[in-house]
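Reviewing the structure listed below.
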Amino acid sequence: MEANRDAAQLCRDRAVKHFKEGNIAEAIRFAKKAQNLDPNIEIPECITSSNGDVPLRRRRRSSPSNVNPSQRDVSRPRDKSEEKNFTKAQVESVRRIMACKDLYSLLGVKKDASEDDIKRAYKSLARKFHPDKNKAPGATEAFKKIGSAFNVLVDPVKRRRYDQFGTIEQTSPAVTRQHHGGVYTFDANGAFDADFINMFFGGGFPFSQNVRYTRHAQRHESNQENNYFAYIQILPLLILFGLSFFSNLFVKDPVFSLQRTSKYNVQRYTYKHELPYFVKETFSQEHDGPLQNIENQVIEQHIYVLRDKCFRERAQKETLLYRARYNRDAAAYDRAKKFPTPSSPHPQSLYGLCTFQIFSHVIISSAPHSSHPSVLECTGQCACCRIAVPHASSPVYVRLPHLFVAQLKRDSREPQALPLAEKKNYWFRSALSSCSPVCLCVAQAVVASERSLFPPQIGMSLRLSSSLLRTSVSLLVARKASGVAASERLWRSFLYVPGDQERKINKISNLCNTTQITPSIPDIVVLDCEDAVSAENKALARRTIATSMQARSFQNYRDTLQRCVSLRINAPSTGLAADDLHVVLSASVETMKQNGGEWPGPDYISVPKTESIGDLQWVEAQVMKIFRKHSVSRIPQLALIGMIESPSSLMNMRVLCTAALRTLTLPLVAMVFGSDDYCAGLGVPHTSSHQEALFARQYMVTMCRAYGLAALDLVETNLTDMEMFRQSCDFGAGLGYDGKQLIHPRQIEPANEAFAPSQERIEWAKAVVEAASAQAGSSVDISALTAGAFAFRGHMIDRSTVRQAEHVVALAKLMSGRC
1 MEANRDAAQL CRDRAVKHFK EGNIAEAIRF AKKAQNLDPN IEIPECITSS NGDVPLRRRR
61 RSSPSNVNPS QRDVSRPRDK SEEKNFTKAQ VESVRRIMAC KDLYSLLGVK KDASEDDIKR
121 AYKSLARKFH PDKNKAPGAT EAFKKIGSAF NVLVDPVKRR RYDQFGTIEQ TSPAVTRQHH
181 GGVYTFDANG AFDADFINMF FGGGFPFSQN VRYTRHAQRH ESNQENNYFA YIQILPLLIL
241 FGLSFFSNLF VKDPVFSLQR TSKYNVQRYT YKHELPYFVK ETFSQEHDGP LQNIENQVIE
301 QHIYVLRDKC FRERAQKETL LYRARYNRDA AAYDRAKKFP TPSSPHPQSL YGLCTFQIFS
361 HVIISSAPHS SHPSVLECTG QCACCRIAVP HASSPVYVRL PHLFVAQLKR DSREPQALPL
421 AEKKNYWFRS ALSSCSPVCL CVAQAVVASE RSLFPPQIGM SLRLSSSLLR TSVSLLVARK
481 ASGVAASERL WRSFLYVPGD QERKINKISN LCNTTQITPS IPDIVVLDCE DAVSAENKAL
541 ARRTIATSMQ ARSFQNYRDT LQRCVSLRIN APSTGLAADD LHVVLSASVE TMKQNGGEWP
601 GPDYISVPKT ESIGDLQWVE AQVMKIFRKH SVSRIPQLAL IGMIESPSSL MNMRVLCTAA
661 LRTLTLPLVA MVFGSDDYCA GLGVPHTSSH QEALFARQYM VTMCRAYGLA ALDLVETNLT
721 DMEMFRQSCD FGAGLGYDGK QLIHPRQIEP ANEAFAPSQE RIEWAKAVVE AASAQAGSSV
781 DISALTAGAF AFRGHMIDRS TVRQAEHVVA LAKLMSGRC
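By the UniProt record's numbering, the letter at position 639 of the sequence shown is numbered 639, and the numbering carries on one by one without gaps.
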């Protein structure tokens with residue numbers, strides 16, 4: 001066979017080489033190996049007639065000077081042992097492989113074998129004949145032949161050719177030999193996929209190596225070439241090691257550690273919460289910045305540790321509960337309910353780490369208390385995990401003297417009568433949520449005092465402090481006229497009305513001045529000072545809107561129908577926004593003082609071209625400045641609506657929303673997509689299909705859902721093609737938007753219909769909620785999210801489906817005018 005003849009010639013050349021160097025034993029060994037591979041090969045007579053008793057003087061004279069004799073002497077016993085390191089069975093297996101002509105028989109598979117069968121057979125033979133495991137003569141050639149057969153049979157084209165002609169001459173040979181100027185080139189990697197072999201036998205670098213033998217080359221030239229390739233192979237490792245070593249030299253050690261180590265052995269405590277942390281002995285010399293920054297980082301690290309522990313404990317408990325429910329094991333379910341969660345939120349484990357900067361605020365909706373007519377009972381929704389907080393079984397009462405410092409009252413179960421000196425103190429019944437340590441949620445808030453004394457604010461910071469619990473909670477307390485939280489509003493139709501056109505404002509107010517909820521009434525009326533008003537009419541628009549607010553033109557619309565009015569100011573970057581806020585809000589404040597404290601101004605302030613959190617903070621500062629100027633003791637209920645109108649603002653949404661939830665007193669409740677300015681920023685035309693803005697629409701609604709904000713879709717400027725408008729509304733609803741921006745009253749009814757659930761879906765949602773409540777063993781009024789997965793009308797209902805059904809039911813209540 002060609003492969004044996006080539007290998008035999010290589011062995012003969014090696015035998016001649018060793019004989020010239022005086023290494024007779026090696027020469028005889030390679031000569032025998034060459035004869036075993038090819039009995040017809042010619043071996044020089046000087047090697048075959050040698051018996052190994054050549055005088056030492058002759059061996060030294062023929063040995064090159066650069067060969068270390070000690071290395072030759074050491075290598076002989078090893079080679080001798082290697083020569084015998086195989087069995088007779090291995091030799092017979094090698095002979096069988098080399099003698100086999102049929103590739104299927106060689107791999108031991110049938111002709112109709114699948115590719116998986118061929119791979120399994122190849123793996124078995126490859127392990128058996130690999131040169132590292134099989135030292136029998138010819139094992140290397142057998143291994144290559146197996147690889148060549150495998151390559152042919154796994155390739156559909158080569159296999160079909162082999163089945164037709166019964167030869168592998170057209171395939172890549174196992175060994176190729178080329179003669180170029182006295183140099184024979186031996187390619188040991190052409191017959192099979194070396195990378196595939198490396199998967200099983202842990203090969204080295206994944207590039208092939210060609211071994212070249214030169215008849216008359218000097219030994220030191222070969223060594224230099226081998227060393228060169230070795231250096232090339234190890235060079236990437238040296239570079240990586242050097243980069244990692246030098247990068248560590250420029251990385252500073254952390255300022256502190258939560259664990260005591262030999263380097264961080266000085267213990268310190270934070271000023272506010274007395275949390276322990278450790279620093280170096282040279283801390284005072286190395287750190288010269290504000291200590292408060294370090295303590296804030298310490299608090300964040302403690303919060304991270306507590307959150308991680310709590311999540312892991314709750315995940316394990318949920319797993320046990322699910323397994324017990326699945327197996328219907330009552331005893332296991334009781335044990336799972338009692339599974340300890342030491343890191344779950346309770347006063348001893350919180351250490352006062354929960355602040356409103358962490359979870360922003362708790363969304364509160366209010367209703368009169370059943371037992372106390374003068375008590376306002378508020379149910380909450382966690383702003384961190386977005387899950388409705390159930391009623392607490394063991395509520396905790398908190399007394400808030402002057403709304404600044406509170407003391408924990410653990411022995412009170414009902415609101416108590418307050419002394420006359422403490423009439424301005426308010427009692428809150430609160431419960432700790434079981435979601436996470438940093439997710440302290442107020443489940444119920446009960447005001448047991450004169451209702452008029454309670455300031456109905458949005459974002460009012462209530463600081464609770466005691467030896468056990470210190471935290472801050474932001475509450476959204478609804479005002480009397482509209483007891484629904486901002487996040488629970490209807491947003492289906494967001495109608496812009498030009499602020500400088502009094503006739504249109506009166507037309508919309510007359511349309512909304514009714515006690516009947518009809519599909520033609522918008523959910524939000526936006527009095528516009530920006531795009532709908534020309535530059536010369538800006539001042540007129542401010543005065544017209546202020547007059548409308550003072551006249552309470554939308555009183556029934558807001559109080560009876562529980563709909564809202566928004567003021568769209570000019571962008572803060574234009575320099576006109578301050579005048580917009582000053583004129584409208586100042587007029588509303590004066591009217592509020594004259595009419596007994598009821599706020600007639602807008603519910604929302606829409607901020608165009610919201611590029612960063614700085615724009616919202618500027619608007620909030622201007623609003624607070626106006627209220628302070630007019631000595632307003634009770635801040636009206638106001639919220640902000642951001643408007644995304646450029647690619648940069650779209651990419652900044654994550655940072656903007658996170659900062660808004662943490663820092664704003666006036667909460668951010670919704671985001672609006674301005675497609676015209678966005679496409680202008682991209683430099684592309686705004687087409688009727690809106691395909692150029694599809695990514696932005698999807699990205700924006702995703703970010704709004706992640707941060708619990710309402711999302712409003714783009715404006716349709718075509719007022720004649722209502723069928724296209726309906727299709728656009730349906731598409732936006734399919735993307736997940738809560739509503740659509742409108743510029744004409746004829747667009748109201750199609751938008752309300754598109755973004756509202758159908759009656760059939762409402763009935764289905766009610767049935768799902770009732771079934772889930774029955775499954776959980778609770779009433780319909782309490783969240784059914786505690787129920788596990790169950791079958792309902794031939795479908796599997798899980799928590800996500802129940803959550804969707806509850807959302808549909810809530811929308812249906814809002815559409816009917818019930819909170």
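Heads up, the beta-carbon is just placed ideally off N, CA and C, and yes, glycines get one too.
Residues near residue i in its chain [Cβ-Cβ closer than 7 Å; skip 5 each side]
{"i": "V526", "result": "F494, L495, Y496, V497, S566, R568 and S606"}
{"i": "E645", "result": "P608, K609, G674, D677 and Y678"}
{"i": "Q218", "result": "Per-residue confidence for Q218 stands at a pLDDT of 47, beneath the threshold of 50, marking its modelled position as unreliable; the derived number appears in the next sentence. Taken in chain order, the list of residues that qualify is empty."}
{"i": "M149", "result": "Note on identity: in this sequence residue 149 is Ala, with Met being the wrong assignment. These residues qualify, in order along the chain: L103, L106 and L107."}
{"i": "G575", "result": "none"}
Boundaries (first-last residue) of the alpha helix (DSSP H) holding residue i
{"i": "Y557", "result": "Q555 to D559"}
{"i": "R628", "result": "I613 to K629"}
{"i": "I641", "result": "Segment A639 to I644 is the beta strand (DSSP E) holding I641; no alpha helix (DSSP H) there."}
{"i": "residue 821", "result": "Residue coverage of the chain in this structure runs from 1 to 819, which leaves residue 821 outside it and unanswerable."}
{"i": "L742", "result": "From DSSP, L742 is part of no alpha helix (DSSP H) but of the beta strand (DSSP E) over G739 to L742."}
{"i": "P498", "result": "Taken as a continuous stretch (DSSP letters only), P498 belongs to no alpha helix (DSSP H), being part of the beta strand (DSSP E) at S493 to P498."}
{"i": "F30", "result": "I24 to L37"}
{"i": "V589", "result": "A577 to Q594"}
{"i": "V565", "result": "Careful: V565 lies outside any alpha helix (DSSP H), inside the beta strand (DSSP E) at C564 to R568."}
{"i": "L811", "result": "R799 to M815"}
{"i": "A670", "result": "That residue, A670, is in no alpha helix (DSSP H); its beta strand (DSSP E) goes L668 to F673."}
{"i": "residue 834", "result": "The displayed coordinates of the chain run from 1 to 819. Any statement about residue 834 would go beyond what the structure contains."}
{"i": "S573", "result": "Looking at the DSSP string, S573 is not in any alpha helix (DSSP H), and its letter there is neither H nor E."}
{"i": "T48", "result": "E45 to T48"}
{"i": "I41", "result": "Note, I41: premise wrong, no alpha helix (DSSP H); not H, not E."}
Segment limits, beta strand (DSSP E) that includes residue i
{"i": "P276", "result": "P276 to V279"}
{"i": "A791", "result": "F790 to F792"}
{"i": "A711", "result": "A710 to D713"}
{"i": "Y606", "result": "The sequence shown places Ser at residue 606, rather than the Tyr named in the question. Y604 to V607 is the extent of the beta strand (DSSP E) around S606."}
Cβ-based neighbour list, residue i, same chain, cut-off 6 Å, excluding 5 preceding and 5 following
{"i": "P373", "result": "Bear in mind that the predicted position of P373 carries a pLDDT of just 41, short of 50, making it unreliable; the figure below should be weighed with that in mind. Nothing meets the Cβ criterion."}
{"i": "residue 827", "result": "This structure does not reach residue 827, given that the chain is present from 1 up to 819, and the question cannot be answered."}
{"i": "S689", "result": "none"}
{"i": "C100", "result": "L106"}
{"i": "N752", "result": "R492, S493 and P519"}
{"i": "F755", "result": "R492, A733 and G739"}
Check whether residue i and residue j have beta carbons under 7 Å apart
{"i": "D603", "j": "R563", "result": "no"}
{"i": "I47", "j": "A27", "result": "yes"}
{"i": "D580", "j": "C529", "result": "yes"}
{"i": "K609", "j": "A639", "result": "no"}
{"i": "V154", "j": "I118", "result": "yes"}
{"i": "V584", "j": "A546", "result": "yes"}
{"i": "S649", "j": "E611", "result": "yes"}
{"i": "A142", "j": "V91", "result": "no"}
{"i": "I43", "j": "A31", "result": "yes"}
{"i": "V298", "j": "T270", "result": "yes"}
{"i": "A706", "j": "A670", "result": "no"}
{"i": "P131", "j": "A139", "result": "yes"}
{"i": "D38", "j": "A15", "result": "no"}
{"i": "E620", "j": "L664", "result": "yes"}
CB contact check: residue i to chain B, cutoff 7 Å
{"i": "T663", "result": "Considering every chain present, this structure includes no chain B. It has just one protein chain."}
Contact test: residue i Cβ vs the ligand PLP heavy atom, cutoff 6 Å
{"i": "K158", "result": "Only the bare structure without any ligand can be found here, which leaves the ligand PLP out of the picture."}
Beta-carbon proximity list for residue i, same chain, < 8 Å, skipping 5 on both sides
{"i": "R542", "result": "G499, C529, D579, D580, V583 and V584"}
Secondary structure, alpha helix (DSSP H): runs of 4+ residues fully inside the region 80-164 = 88-99, 103-107, 115-129 and 139-154
Can at least three beta-carbon pairs, one atom from the region 671-684 and one from the region 724-731, be found at a separation below 8 Å?
-> no
Contact between the region 761-778 and the region 691-704: three or more CB pairs below 8 Å?
-> no
Should the region 731-739 be regarded as contacting the region 791-803, the criterion being three or more beta carbon pairs within less than 8 Å?
-> no
Can you check the region 251-303 for any beta strand (DSSP E) of at least 3 residues that lies completely inside it and give the ranges in chain order?
-> 266-269 and 276-279
Write down every uninterrupted run of the beta strand (DSSP E) in the region 681-766 whose length is 3 residues or greater and which is fully enclosed by it, in chain order.
-> 710-713 and 739-742
Indicate whether the contact test is met: 3 or more Cβ pairs, each with one atom in the region 618-630 and one in the region 648-657, closer than 8 Å.
-> no
Is the region 549-561 in contact with the region 500-518, if contact means three or more CB pairs nearer than 8 Å?
-> yes
In chain order, which alpha helix (DSSP H) runs of at least 4 residues are fully inside the region 521-548?
-> none
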